[in-house]
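Written out below as structure tokens is the structure these notes cover.
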Amino acid sequence: MRLTTIAQFSLAIIPAIARPSVTSDKDLYTQAGSHVIFSYPGLTPPDELLDLTKQGQVGGVILFGENVDENIRDVVKLFQSVYAEGPAYSGKPLLIMTDQEGGNVRRLPGGPEETAKKIGQSARPVLGGAKAGATAASVLKGANVNCNLAPVLDIYRTPDNFSISKVGLSGCSTAFIAAQQSVGVIATAKHFPGLGPAGNENTDLQPVTIDTPLKELRAIDELPYMSAIAAGVDIVMASWAIYPALDVKRPAGMSKAWIQGELRKRLGFKGVTITDAIEAGGLKAFGDDAERGLLASQAGMDLLLASGRNITQGRVVVDALVQSLKDGSLPIKELMKQRKESTSCAASLLSDVWPSASGRKLYHGQALLRSFAPSLYASCLPHTSAHKTAPAESLAAGRSFPFW
Numbered sequence: 001m002r003l004t005t006i007a008q009f010s011l012a013i014i015p016a017i018a019r020p021s022v023t024s025d026k027d028l029y030t031q032a033g034s035h036v037i038f039s040y041p042g043l044t045p046p047d048e049l050l051d052l053t054k055q056g057q058v059g060g061v062i063l064f065g066e067n068v069d070e071n072i073r074d075v076v077k078l079f080q081s082v083y084a085e086g087p088a089y090s091g092k093p094l095l096i097m098t099d100q101e102g103g104n105v106r107r108l109p110g111g112p113e114e115t116a117k118k119i120g121q122s123a124r125p126v127l128g129g130a131k132a133g134a135t136a137a138s139v140l141k142g143a144n145v146n147c148n149l150a151p152v153l154d155i156y157r158t159p160d161n162f163s164i165s166k167v168g169l170s171g172c173s174t175a176f177i178a179a180q181q182s183v184g185v186i187a188t189a190k191h192f193p194g195l196g197p198a199g200n201e202n203t204d205l206q207p208v209t210i211d212t213p214l215k216e217l218r219a220i221d222e223l224p225y226m227s228a229i230a231a232g233v234d235i236v237m238a239s240w241a242i243y244p245a246l247d248v249k250r251p252a253g254m255s256k257a258w259i260q261g262e263l264r265k266r267l268g269f270k271g272v273t274i275t276d277a278i279e280a281g282g283l284k285a286f287g288d289d290a291e292r293g294l295l296a297s298q299a300g301m302d303l304l305l306a307s308g309r310n311i312t313q314g315r316v317v318v319d320a321l322v323q324s325l326k327d328g329s330l331p332i333k334e335l336m337k338q339r340k341e342s343t344s345c346a347a348s349l350l351s352d353v354w355p356s357a358s359g360r361k362l363y364h365g366q367a368l369l370r371s372f373a374p375s376l377y378a379s380c381l382p383h384t385s386a387h388k389t390a391p392a393e394s395l396a397a398g399r400s401f402p403f404w
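Each residue of the sequence shown is one higher than the one before, counting from 1 in full-length UniProt numbering.
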């Protein structure tokens with residue numbers, strides 16, 4: 001298994017949560033904060049958020065359109081600067097994320113301009129997916145943003161993303177992931193195990209239950225995740241829909257059966273998990289933001305997305321985690337067990353993503369990119385002769401990629 005890029009960011013400090021010696025409030029807040037992604041309103045980060053970041057109580061920041069103007073690059077630098085002064089800093093940058101899916105879903109100016117649906121219906125969808133991933137990565141790197149909450153892997157029964165075909169979606173989305181991560185921008189596959197069967201129902205607005213049989217979910221909706229995991233996707237976002245096939249009571253992002261059982265154990269995902277928006281309308285039956293964050297963390301979710309554009313929301317979630325660590329409702333030993341796989345993935349630095357003259361092998365996704373989009377692959381390489389003769393990894397080594 002290749003090492004994941006994500007571990008070099010804020011989650012590099014997660015193992016500290018599992019140390020029984022962490023007892024002070026300051027330490028608990030630092031460790032709990034590393035699990036929470038904050039958001040804020042407007043163009044200027046509030047002083048409160050910058051202070052929390054400096055104190056090490058922020059696991060990352062998500063950016064929306066209202067946060068972005070021509071100064072966004074400097075804003076991100078400011079976040080990184082104050083983070084580097086705090087106790088959570090371990091030499092790795094703070095996680096800064098956004099949604100740059102393509103089409104209408106673009107928080108930063110620039111591509112990809114084509115919708116996923118248009119790419120999936122094009123004559124060369126795999127190449128189109130690779131170009132979209134490379135374009136998204138270029139835009140994000142230009143703003144110092146290191147994580148994209150894309151691509152969407154939902155297989156809608158009415159075409160609304162890369163392709164109605166599970167085969168087509170697997171190819172397009174894996175190409176998107178490979179191109180993006182090959183230049184050092186983290187990719188996120190979402191919304192596990194799939195929102196396609198929900199049709200027009202939206203978990204952002206209302207509770208959604210998907211009664212699709214487990215056999216169908218595994219044969220259709222989970223298939224793109226198998227390809228994405230094989231290609232080394234760094235993050236998987238869980239859905240807020242309820243899937244009675246494995247858990248009749250809780251949404252996937254709050255369900256051990258779906259996160260620990262299906263995603264981790266059955267599909268073998270060893271990267272990082274993230275929730276969808278904690279404030280989603282689909283979670284009305286699961287308490288306030290604090291209760292929702294705790295339920296998700298107890299299910300094994302690594303990152304909790306407080307995306308309501310206010311600092312109080314993130315603080316409430318962090319406070320709940322700290323209190324739960326104190327009273328034992330979020331046991332330290334349980335956290336150790338839940339995080340074992342994802343936190344054991346010590347990552348290479350971004351500068352080490354591409355192979356060196358020493359002959360380091362390409363990661364699976366990069367090998368796929370080289371095979372199916374060689375010119376795009378070449379354009380992503382650092383401009384040094386050392387990279388021109390590096391051997392590619394065999395597509396058959398360790399994993400198979402039936403959709404390429």
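Virtual Cβ for every residue (Gly too), placed ideally from N, Cα, C. Computed from a prediction, not measured in an experiment: that's the story for all the values here.
In three-state DSSP terms, what is A277? Three-state DSSP puts A277 in a strand.
Would you tell me roughly how many angstroms separate the C-alpha atoms of P213 and P244, rounded to the nearest one? Between the C-alpha atoms of P213 and P244 there is a straight-line separation of about 8 Å.
Backbone secondary structure at T209 - three-state DSSP: For T209, the three-state secondary structure derived from DSSP is strand.
Does the beta-carbon of T53 have 16 or more other beta-carbons within 10 angstroms, so that it is buried, or is it exposed? Buried, since its Cβ has 16 or more Cβ neighbours within 10 Å.
What whole-angstrom Cβ distance do W240 and P193 have, given they're in contact under 8 Å? For W240 against P193, the beta-carbon gap comes to about 12 Å, at or over 8 Å, which does not count as contact.
Could you have a look at E70 and say whether DSSP puts it in helix, strand or coil? DSSP places E70 outside both helix and strand once states are collapsed to three, so it counts as coil.
Below 7 Å between beta carbons: does that hold for I155 and G196? Against a cut-off of 7 Å, the Cβ pair of G196 and I155 comes out as a contact.
Which of helix, strand or coil DSSP assigns to D221: If DSSP states are grouped into helix, strand and coil, D221 belongs with the helices.
Using the C-alpha atoms, what's the distance from K131 back to D288? Spanning the two alpha carbons is a distance of roughly 40 Å.
Check whether the Cβ of A219 lies closer than 6 Å to any heavy atom of the ligand FAD, and answer yes or no. Only the bare structure without any ligand can be found here, which leaves the ligand FAD out of the picture.
How about V61 and I96: do their beta carbons lie closer than 7 Å? In contact: V61 and I96 (Cβ atoms closer than 7 Å).
Where E101 falls: helix, strand or coil (DSSP): Here E101 sits in strand by DSSP.
Tell me which same chain residues have a C-beta within less than 6 Å of the C-beta of A320, skipping the five on either side of it? Excluding its 5 nearest sequence neighbours in each direction, A320 has C-beta neighbours in its own chain below 6 Å: A290, G293 and L294, listed in chain order.
Is it buried or exposed for V36, if we count other Cβ within 10 angstroms and need 16 for buried? Buried, since its Cβ has 16 or more Cβ neighbours within 10 Å.
So is T174 buried or exposed if we call it buried at 16+ other beta carbons inside 10 Å? It is buried - the Cβ of T174 has at least 16 other Cβ atoms within 10 Å.
For residue 424, tell me which candidate among E101, V105 and G56 has the shortest Cα-Cα distance. In the structure as shown, the chain begins at 1 and stops at 404. Residue 424 is therefore absent and cannot be evaluated.
From N144 to V76, what does the alpha carbon distance come to, in whole angstroms? Rounded to whole angstroms, N144 to V76 spans 6 Å at the Cα level.
In whole angstroms, what separates the C-alpha of V316 from that of L303? If you take the alpha carbons of V316 and L303, they lie about 15 Å apart.
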